[in-house]
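Enquirer: Provided herewith is a single structure, encoded as structure tokens, for subsequent inquiry.
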Amino acid sequence: MREGCCSPCWRDLRDQAGYGAPTRPLTGLAQLAWDEGMLAHGLEVAREAADRPARGRRRQPRAVLAAMLVDLWLLDEAEAVVEDAAAEAGDEPVWGVEIGVLRARLCLAAGRSDRVAEHAEAALAAARVLEAPGPAVSGPARSALSVLALASLRAGDLPRAVRYAKGEPGRWSWGVPAHTRLRSELVAGRIAEARHGAAGAMGPLGGVYAALPRHTAALTCEPAAAAWLVRTAMAAGEPERADTVAEAASRLARRNPGLPAPSVPAVAAVHARGLREGDAEALGRAVAGYADPWARGSAAEDLGVLLGAGDHQRDPATESLRTALACYGTAGATRDAARVRGRLRRLGERRRHWVRTDRPVSGWASLTGTERAVCDLVAQGLTNRNAAAQLFVSEHTVAFHLRQVFRKLGIRSRVELAVLAAQENGHRDGRSLR
Numbered sequence: 015m016r017e018g019c020c021s022p023c024w025r026d027l028r029d030q031a032g033y034g035a036p037t038r039p040l041t042g043l044a045q046l047a048w049d050e051g052m053l054a055h056g057l058e059v060a061r062e063a064a065d066r067p068a069r070g071r072r073r074q075p076r077a078v079l080a081a082m083l084v085d086l087w088l089l090d091e092a093e094a095v096v097e098d099a100a101a102e103a104g105d106e107p108v109w110g111v112e113i114g115v116l117r118a119r120l121c122l123a124a125g126r127s128d129r130v131a132e133h134a135e136a137a138l139a140a141a142r143v144l145e146a147p148g149p150a151v152s153g154p155a156r157s158a159l160s161v162l163a164l165a166s167l168r169a170g171d172l173p174r175a176v177r178y179a180k181g182e183p184g185r186w187s188w189g190v191p192a193h194t195r196l197r198s199e200l201v202a203g204r205i206a207e208a209r210h211g212a213a214g215a216m217g218p219l220g221g222v223y224a225a226l227p228r229h230t231a232a233l234t235c236e237p238a239a240a241a242w243l244v245r246t247a248m249a250a251g252e253p254e255r256a257d258t259v260a261e262a263a264s265r266l267a268r269r270n271p272g273l274p275a276p277s278v279p280a281v282a283a284v285h286a287r288g289l290r291e292g293d294a295e296a297l298g299r300a301v302a303g304y305a306d307p308w309a310r311g312s313a314a315e316d317l318g319v320l321l322g323a324g325d326h327q328r329d330p331a332t333e334s335l336r337t338a339l340a341c342y343g344t345a346g347a348t349r350d351a352a353r354v355r356g357r358l359r360r361l362g363e364r365r366r367h368w369v370r371t372d373r374p375v376s377g378w379a380s381l382t383g384t385e386r387a388v389c390d391l392v393a394q395g396l397t398n399r400n401a402a403a404q405l406f407v408s409e410h411t412v413a414f415h416l417r418q419v420f421r422k423l424g425i426r427s428r429v430e431l432a433v434l435a436a437q438e439n440g441h442r443d444g445r446s447l448r
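With the sequence shown counted from 1, adding 14 to any position gets you my numbering.
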């Protein structure tokens, strides 16, 4: 079968839908095509479904369409569709969960990180009203927890990211779509990599790698997902998995020539292949091609690392890393920005990145952002060395900040710190994780 052609399964379902069929088969058909990598077809059918009356359906067609538009980083159109979906939803509580998740994803993609929690928490609140008591969580609610976990990780709050990830039960209930599971597993892998390194992420990511090339949902949930999976597999010493991802990303791009140019799959494939092959020219094209600032920062960082490893390329490496730093700043990706500052320091560049604020002299409110980050990591039981690795600073820097934390909180031991931090985190997160 030629790439880009409809599979027999696609044609059968498309024929079943027909023009007189109800909306639900069309949304299911659109999602099936999307999950199997036929993005242009899926988008076409989702648009058709969104044009039909949808009252009384469990899945709102406009929500399905908006999710696809966010994946393709067509954010202006996605925002308009979400607002239409919200107006159509009225008092449909099931749809309210999906709309909250979509608004949270839009804010995360657009760099409006201060609004992500607001919308995701609204989705969780709506899900709690709908769900019967028990451990099961609906697909949209799981997506809300994944968005919250990813936003927390990007903001540099690893403990909070872990708590959100733990809010998802370990077993997946019947009926949760494969794309929801794969996207959740991708976020879990990101958190595992942040905590335990690339090798530690291979377990949580096993299903994501195994699902390729047929199920490509993990590659479409964010623009630079393919490159991240390639990078993680390479760092873990698993080149076969890196090759699988790069090939799947290239196949996804080839199957969807009709998407708006430069399409996200096409740029993502160039990024993944450039990273896998150490191709500076390809990485440069990825930097230029991405519209998403976080993805652009990721490609610029990869290019800076590659150039920095070569002889006589310090200046272009530094320039590329500066681009990455600016992009991560636009996206509100505090943790990634800290990592890039560490790379710049190793190239001999020092950059001040703090601002002066008026704070109390003691108590939680007196802690700076760095002190709070050190506090959270040490309270989890991390050593100074491991905390330093998470924050991309030296072990001596962590020790200095930890002494400041002890002084401001009036404590003398890590045990006391763990108790106080647990109480403080419980107070902050109790409502969202109940």
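Even for Gly, the Cβ is constructed at its ideal location relative to N, Cα and C.
Every value quoted in this text rests on a predicted model; they were computed, and no experiment measured them.
Could you check how far apart the C-beta atoms of F406 and R355 are, in whole angstroms? I think they sit under 8 Å.
Expert: Locating residue 406 in the sequence shown gives position 392, where the first residue counts as 1. Locating residue 355 in the sequence shown gives position 341, where the first residue counts as 1. Yes, F406 and R355 are in contact; Cβ-Cβ is about 7 Å, under 8 Å.
Enquirer: Assuming V130 contacts L122 under a Cβ cut-off of 8 Å, what Cβ separation, rounded to an integer in Å, is found between them?
Expert: As a working note, residue 130 is residue 116 in the sequence shown. As a working note, residue 122 is residue 108 in the sequence shown. Yes, they are in contact, since the Cβ atoms of V130 and L122 sit about 5 Å apart, within 8 Å.
Enquirer: Helix, strand or coil: how does DSSP classify V375 here?
Expert: Along the sequence shown, one-based indexing puts residue 375 at 361. Correct three-state label for V375: coil.
Enquirer: Touch check for the region 41-51 and the region 226-245: three-plus C-beta pairs under 8 Å?
Expert: yes
Enquirer: Return yes when the Cβ of L335 is within less than 8 Å of the Cβ of R357, no when it is not.
Expert: Taking the first residue of the sequence shown as position 1, residue 357 is located at position 343. Taking the first residue of the sequence shown as position 1, residue 335 is located at position 321. Contact flag set, yes.
Enquirer: Please look up how many angstroms separate the CB atoms of C389 and V429, rounded, as I've assumed it's under 8 Å.
Expert: Start at 1 with the first residue of the sequence shown, and residue 389 comes out as number 375. Start at 1 with the first residue of the sequence shown, and residue 429 comes out as number 415. Not quite, the Cβ-Cβ distance comes to about 14 Å (not below 8 Å), so this is no contact.
Enquirer: Quick check on L144: buried or exposed, where buried means 16 or more other Cβ atoms within 10 Å of its Cβ?
Expert: Residue numbering aside, residue 144 sits at position 130 when the sequence shown is read from its first letter. Classification for L144: exposed.
Enquirer: Pull up the distance between the alpha-carbon of G220 and that of P374, whole angstroms please.
Expert: Working through the sequence shown from its first residue, we reach residue 220 at position 206. Working through the sequence shown from its first residue, we reach residue 374 at position 360. Rounded to the nearest angstrom, the two C-alpha atoms are 47 Å apart.
Enquirer: For R228, count neighbouring C-beta atoms within 10 Å of its own C-beta (all shown protein chains included) and say buried if the count is 16 or more, exposed if not.
Expert: Position 214 of the sequence shown, counted from the start, is the residue given in the question as residue 228. Classification for R228: exposed.
Enquirer: Would you be able to state if there are at least three C-beta pairs under 8 Å between the region 207-218 and the region 269-282?
Expert: No, because fewer than three Cβ pairs between the region 269-282 and the region 207-218 fall closer than 8 Å, the two stretches do not touch.
Enquirer: Could you name the residues of the same chain whose beta carbon sits closer than 8 Å to that of A239, not counting the 5 residues immediately before and after it, in chain order?
Expert: For the purposes of this step, residue 239 is taken as residue 225 along the sequence shown, with counting starting at 1. Once the five neighbours on either side are set aside, the close Cβ partners of A239 are L200, A232, L233, A282.
Enquirer: Along the chain, where does the alpha helix (DSSP H) that runs through C389 open and close?
Expert: Residue mapping note: residue 389 aligns to position 375 of the sequence shown, counting from 1. From DSSP, the alpha helix (DSSP H) with C389 extends over 383-393.
Enquirer: Here's a check: name, in chain order, each residue in its chain whose Cβ is nearer than 7 Å to the Cβ of E307, leaving out the five neighbours to either side.
Expert: Here residue 307 refers to the residue found at position 293 of the sequence shown. The identity of residue 307 in the sequence shown is Pro, whereas the question assumes Glu. Excluding sequence neighbours, P307 sits near G125, C341, T344, A345.
Enquirer: From L423 to I205, what does the alpha carbon distance come to, in whole angstroms?
Expert: Within the sequence shown, numbered from 1, the residue matching residue 423 stands at position 409. Within the sequence shown, numbered from 1, the residue matching residue 205 stands at position 191. Distance between the alpha carbons of L423 and I205 is about 28 Å.
Enquirer: Whole-angstrom Cβ separation of L321 and P330, contact assumed at under 8 Å?
Expert: As a working note, residue 321 is residue 307 in the sequence shown. As a working note, residue 330 is residue 316 in the sequence shown. Rounded, the Cβ-Cβ distance is 5 Å, consistent with contact.
Enquirer: CA-CA distance, A163 and V176?
Expert: By one-based count along the sequence shown, residue 163 stands at place 149. By one-based count along the sequence shown, residue 176 stands at place 162. One C-alpha to the other measures close to 7 Å.
Enquirer: Reducing DSSP to helix, strand and coil, say where A401 ends up.
Expert: The residue given as residue 401 occupies position 387 in the sequence shown. Helix at A401.
Enquirer: If we count the other Cβ atoms within 10 Å of its Cβ and call it buried at 16 or more, is D65 buried or exposed?
Expert: Counting from 1 along the sequence shown, the entry for residue 65 is found at position 51. By the neighbour-count rule (16 or more Cβ atoms within 10 Å), D65 is not buried but exposed.
Enquirer: Would you grab the beta carbon distance between L120 and V78 for me? Rounded to a whole angstrom, and I think it's under 8 Å.
Expert: Mapped onto the sequence shown, residue 120 falls at position 106. Mapped onto the sequence shown, residue 78 falls at position 64. Not quite, the Cβ-Cβ distance comes to about 15 Å (not below 8 Å), so this is no contact.
Enquirer: Measuring CB to CB, does R197 end up less than 8 Å from V244?
Expert: Reading the sequence shown from its first residue, position 183 is the one you call residue 197. Reading the sequence shown from its first residue, position 230 is the one you call residue 244. For R197 and V244, no; Cβs fall outside 8 Å.
Enquirer: Between L297 and H285, how many whole angstroms is the CB-CB distance? I'm expecting something under 8 Å.
Expert: Locating residue 297 in the sequence shown gives position 283, where the first residue counts as 1. Locating residue 285 in the sequence shown gives position 271, where the first residue counts as 1. Confirmed, about 7 Å.
Enquirer: Would DSSP call R426 helix, strand or coil?
Expert: Looking up residue 426 in the sequence shown gives position 412. DSSP places R426 in coil when its eight states are reduced to three.
Enquirer: Who are the near neighbours of T337 in its chain, counting only those whose CB is closer than 6 Å to its CB and skipping five residues on each side?
Expert: Numbered from its first residue, the sequence shown carries residue 337 at position 323. Closer than 6 Å at Cβ, skipping near neighbours: A314.
Enquirer: Contact check, P154 vs A139 under 8 Å by CB: the rounded distance?
Expert: Taking the first residue of the sequence shown as position 1, residue 154 is located at position 140. Taking the first residue of the sequence shown as position 1, residue 139 is located at position 125. Wrong, their Cβ atoms sit about 12 Å apart, outside the cutoff.
Enquirer: From what residue to what residue does the alpha helix (DSSP H) around A280 run?
Expert: On the sequence shown, position 266 is the one that residue 280 refers to. Going by DSSP, A280 is part of the alpha helix (DSSP H) stretching over 278-291.
Enquirer: Look up S127 in the DSSP assignment and say whether it is helix, strand or coil.
Expert: Indexing the sequence shown from 1 puts residue 127 at position 113. Here S127 sits in helix by DSSP.
Enquirer: Compute the Euclidean distance between the alpha carbons of A413 and T384, then round it to the nearest angstrom.
Expert: Taking the first residue of the sequence shown as 1, we reach residue 413 at position 399. Taking the first residue of the sequence shown as 1, we reach residue 384 at position 370. Going by the C-alpha atoms only, they are around 12 Å apart.
Enquirer: Have a look at E295 and G288 and give me their C-alpha separation to the nearest angstrom.
Expert: Numbered from 1 along the sequence shown, position 281 holds the residue referred to as residue 295. Numbered from 1 along the sequence shown, position 274 holds the residue referred to as residue 288. Each residue's Cα considered, the two are about 8 Å apart.
Enquirer: Can you tell me whether Q437 is buried or exposed? The criterion is at least 16 other CB atoms within 10 Å of its CB, across all chains shown.
Expert: Residue mapping note: residue 437 aligns to position 423 of the sequence shown, counting from 1. With fewer than 16 other Cβ atoms within 10 Å, it is exposed.
Enquirer: Using 10 angstroms around the beta-carbon of G170, count the other beta-carbons present and answer buried if the total reaches 16, otherwise exposed.
Expert: Stepping through the sequence shown from its first residue, residue 170 is reached at position 156. By the neighbour-count rule (16 or more Cβ atoms within 10 Å), G170 is buried.
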